[in-house]
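Data first, discussion second: the structure below is written as structure tokens.
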Amino acid sequence: MAVIPTRTTLPRLLRALAAGGESRPPFPRRGHGRAPRSEPARSSSSLAAAAAVAPSEPEMVGSRGLGMEIFGVKEYEDYRRSLYGGITHRALLVDAVGTLVVPSQPMAQIYRQIGEKYGVEYSEDEILNRYRKAYEQPWGRSRLRYVNDGRPFWQYIVSSSTGCSDSQYFEELYNYYMTDKAWHLCDPNAEKVFEALRKAGVKLAVVSNFDTRLRPVLRALNCDHWFDAMAVSAEVEAEKPNPTIFLKACELLGVTPEDAVHVGDDRRNDIWGARDAGCYAWLWGIDVHSFKEVAHRIGVKV
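In our numbering, the protein residues as written are 377 to 678.
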């Protein structure tokens, strides 16, 4: 059976026929004690509605919606290796917050801890709830939150979350999230894996919704040199899931979108956005659980 490129509706169509006869920002955005990353917290009814239109997990695995659970992931990846000299992709695009790096402490805890000396009295739970409400609101007239250093946006978020508009408080909090104290690597074996990928000829780029602090953050963690390029939303002026940011990353690496696979932890921003750009996409924590596994799927031994 031939592999027919299509959207994620193909697996459902095939199943129907068979029944009748295949990507935080500098202030954390998701996880326990943190605000959601790109989508607001949803009620059970809204989650049910989303489930009605979103493909199930097997339909999403390892493709741009090719129905790989029907055609076979291994067979297709073997096919791509035969085309590209032993590897499935010539470039790896990596999400930052939640995939490459994670906050070292819950956002609300830091907001509260630093804010106590500035008169912040809200509990961590209240700060988190207020953060979520503020983060879900339309940001002025712009579709972009992280413009340049993102200060106006984060000043709004901090004051809304804590009730404190003290400029010294904001500056201390803002600068904290530019240090290695605020972040740590999600995968401790990442450096070894990325070295192996680059030696195998795979180009690497970070693709992230972040303000201009991302570069100093990665320098502070001593991992900025792992990558050949960075596509940061504040610099590209496009935020995931806008395909523009993925296309810019491919341009910087000198590859076509179909040569690249993106790895990220957010289904909407990372998976859907990458596929709309023509890239392949793997969901961190579902399709792949470590960068060693990413390398293995690409065809590089670590």
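C-beta: ideal position from N, C-alpha, C; glycine also.
Pair within 8 angstroms by beta-carbon distance, residue i and residue j
i      : j      : result
His324 : Ser480 : Lying outside 377 to 678, the shown extent of the chain, residue 324 is not represented and no answer is given.
Ser535 : Ser543 : no
Leu594 : Ala607 : no
Gly539 : Tyr507 : no
His465 : Val612 : no
Glu453 : Arg673 : yes
Own chain residues within Cβ distance below 7 angstroms of residue i, not counting five before or after
i      : result
Val676 : Ile463, Ala572, Leu573, Ala576, Val578
Thr555 : Ala596
Trp515 : Arg521, Phe529
Ala614 : Thr620, Ile621
Asn618 : Gly649
Arg457 : Ile463, Thr464, Gly675
Ser421 : Its pLDDT being 34, under 50, Ser421 is placed unreliably by the model, and the measurement read from it follows with that caveat. Answer for Ser421: no residue qualifies.
Tyr460 : Arg466
Nearest to residue i (by Cα), restricted to the options the options
i      : options                        : result
Ile647 : Asp663, Phe529, Gly526         : Asp663
Phe603 : Ser609, Asp587, Glu492, Arg591 : Arg591
Tyr494 : Arg521, Leu549, Tyr532, Glu512 : Leu549
Ile490 : Pro514, Tyr553, Arg508         : Tyr553
Gly630 : Val593, Glu613, Ser499, Leu580 : Leu580
Pro482 : Ala558, Val612, Ala472, Thr620 : Ala558
Gln513 : Glu492, Ser537, Arg643         : Ser537
Asn551 : Asp501, Asn565, Ala614, Ile486 : Ile486
Ala484 : Ala472, Asn505, Val473, Gly474 : Asn505
Pro564 : His665, Arg457, Asp501         : His665
In DSSP terms, what residue i is bridged to
i      : result
Tyr656 : Val637
Trp559 : Pro479
Lys579 : Ala467
Val608 : Ser584
Val473 : Val477
Val664 : Trp660
Own chain, CB closer than 6 angstroms to residue i, minus 5 neighbours either side, in chain order
i      : result
Lys616 : Ser399, Asn585, Asn645, Gly649
Val470 : Leu476, Val582, Val639
Val678 : Val569, Ala572, Lys668, Ala671
Anticipated Cβ contact below 8 angstroms, residue i with residue j, distance rounded
i      : j      : result
Val670 : Cys562 : 12 angstroms between Cβ atoms; not a contact.
Tyr532 : Ala510 : 7 angstroms
Ala467 : Asp635 : 6 angstroms
Arg519 : Phe529 : The pair is not a contact, with the Cβ atoms about 12 angstroms apart (cut-off 8 angstroms).
Arg488 : Ile503 : 6 angstroms
Glu567 : Cys599 : 7 angstroms
Contact set for residue i: own chain, Cβ-Cβ below 8 angstroms, skip 5 residues either direction
i      : result
Asn524 : Asp587, Thr588, Ala610
Lys450 : none
Pro633 : Phe622, Leu623, Cys626, Ala653, Gly654, Cys655
Gly679 : Any question about residue 679 goes unanswered here, given that the chain covers just 377 to 678.
Gly448 : none
Residue i at chain C interface by Cβ criterion, 8 angstroms
i      : result
Val477 : The structure shown contains no chain C; it holds only a single protein chain.
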